[in-house]
Amino acid sequence: MRNKDFGEAVRLLTSSWNRISVGTIRNCFAHSGFCEALDEKLQIIIELPEGIQKEEYEEWMSIDEDIPVAATLTDLEIYQAVCQQDQTIKVDDSDGDECVEENPPTNAEMRQSFNILKLGVQHLSTNFKKQYEYEQYINELLRNNCRQVTITDFFVIFEINYR
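Under the working numbering, the first residue of the sequence shown carries the number 5, and numbering increases by one thereafter.
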C-alpha cells in the first residue's frame, strides 16, 4: 500500500462519501437495529385514492418495475464493439494528405493521466475547489464510459469441427 498525504486522504474520503446513496445509509441503520425498516412504515402511511381497488392501485404503482434501464447487448454486438475498439491507427490516403485517426484513451489511461495532473496541480495551485469539481467531472465521465466485458474477452476462441 502506498503512502497518502492528508490532502489525498480527505479527497478519497469525500469521494467515497459522495458515492454512498441515501438508500445504503437507510439500509445500514435498519439492518443494525437503530430504526425500523422504512418500508413497513410506508405501507401504513400510504392510503388508497378514493374509487380505486387495492389490486388496481398496486398494478399502477408497479407498472414500470420491469422496464429495462440499460440496453442489453448480444454477445455478437459486444464482440463487434471490442473489435472496433481494438483497431489500430487508420490511414486515409484518398486526398493525398495523410490523415491519422487515433483510438481514444482507455479509462485506465485517462485515470492515470488525471492522477499525474492532480499531483502537479496540488503543488502549483491552492484552488482546490476547482480541482475537486474537475475530479468529480472526470469520475462521472469515466463511470458513464464503462463497458461490460464478457468471459470471451479474456480467452482465445477455437473452433473445433468434429467429423
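Virtual Cβ for every residue (Gly too), placed ideally from N, Cα, C.
Residue environment, residue i, which counts as buried when at least 16 other CB atoms sit within 10 Å
{"i": "glutamate 113", "result": "exposed"}
{"i": "glutamate 139", "result": "buried"}
Start and end residues, alpha helix (DSSP H) containing residue i
{"i": "cysteine 150", "result": "Careful: cysteine 150 lies outside any alpha helix (DSSP H) and carries neither H nor E."}
{"i": "threonine 28", "result": "26-36"}
{"i": "threonine 18", "result": "10-23"}
{"i": "asparagine 119", "result": "111-128"}
Simplified DSSP state of residue i, which is helix, strand or coil
{"i": "glutamate 63", "result": "helix"}
{"i": "glutamate 54", "result": "coil"}
{"i": "glutamate 106", "result": "coil"}
{"i": "isoleucine 71", "result": "coil"}
{"i": "asparagine 131", "result": "coil"}
{"i": "leucine 145", "result": "helix"}
{"i": "leucine 80", "result": "helix"}
{"i": "threonine 92", "result": "Summary for threonine 92: the model assigns pLDDT 45, below 50, so the residue's position carries little reliability, and this model does not support an answer."}
Closer than 7 Å: residue i CB and nearest the ligand NAD heavy atom
{"i": "asparagine 31", "result": "This structure lacks the ligand NAD; in fact it carries no ligand of any kind."}
Whole-angstrom C-beta distance between residue j and residue i, which should lie under 8 Å
{"i": "serine 19", "j": "asparagine 143", "result": "7 Å"}
{"i": "threonine 130", "j": "isoleucine 82", "result": "The pair is not a contact, with the Cβ atoms about 45 Å apart (cut-off 8 Å)."}
{"i": "leucine 146", "j": "asparagine 107", "result": "Actually they are not in contact, since the Cβ atoms of leucine 146 and asparagine 107 sit about 16 Å apart, beyond 8 Å."}
{"i": "glycine 11", "j": "glutamine 116", "result": "Contact doesn't hold; Cβ gap of about 19 Å is too wide."}
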